[in-house]
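Heads up: the structure comes next, in structure tokens.
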Amino acid sequence: MRLLSWIILLPVALAVIAFSAANREPVALDLWPLPFTAEPPVFLIILLAVFAGFVWGGLVVWISAARRRRRAIAERLAGAEREVEQLKERLREKRLEGP
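Start counting the sequence shown at 1145; every next residue gets the next number (this note's numbering).
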């Protein structure tokens, strides 16, 4: 699994480095309605937009899976409660049998 992550991560990292090196020109970024103007490099704006999209997508997936997580937790809890009751019953039976 570690080798697979390196096989995927290395080309992606090389592509990001090549993209960043090729797009270093500054771009005027007007922050309306604020009176500020920033001049970050093109690659920074694009990489931040991609990162923001990644985070937003992860947040949407996490929120949409909340119902399934809640259901899975409830099922595990119900199973654990059933097991506790079974163990209590077995303990009562052992006590009634005596030593």
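Here a beta-carbon is modelled for each residue, glycine too, at the ideal position from N, C-alpha and C. Nothing here was measured: the structure is a model prediction, and the numbers come from that model.
Legend entry - N- and C-terminal bounds of the alpha helix (DSSP H) containing W1150: For W1150, the uninterrupted alpha helix (DSSP H) run begins and ends at R1146 to A1166, by DSSP.
Legend entry - As assigned by DSSP and simplified to three states, the class of A1210: Residue state, collapsed to three classes: helix.
Inset, instruction - Tell me whether A1193 sits in a helix, a strand or coil according to DSSP, three-state version. - result: Look at A1193 here: in three-state DSSP terms it is helix.
Legend entry - C-beta atoms of V1186 and N1167 nearer than 8 Å: Result yes, Cβ atoms of V1186 and N1167 sit closer than 8 Å.
Inset, instruction - Answer yes or no: do L1173 and P1155 have a C-beta to C-beta separation smaller than 8 Å? - result: At a Cβ-Cβ threshold of 8 Å, L1173 and P1155 do not count as neighbours.
Inset, instruction - Please classify F1172: does DSSP put it in a helix, a strand, or coil? - result: The question names Phe, yet the displayed sequence has Ala at residue 1172. Of the three classes helix, strand and coil, the one that applies to A1172 here is coil, per DSSP.
Legend entry - Contact under 8 Å by Cβ, L1175 with A1182: Taking 8 Å as the cut-off, the beta carbon of L1175 is found closer than this to the beta carbon of A1182.
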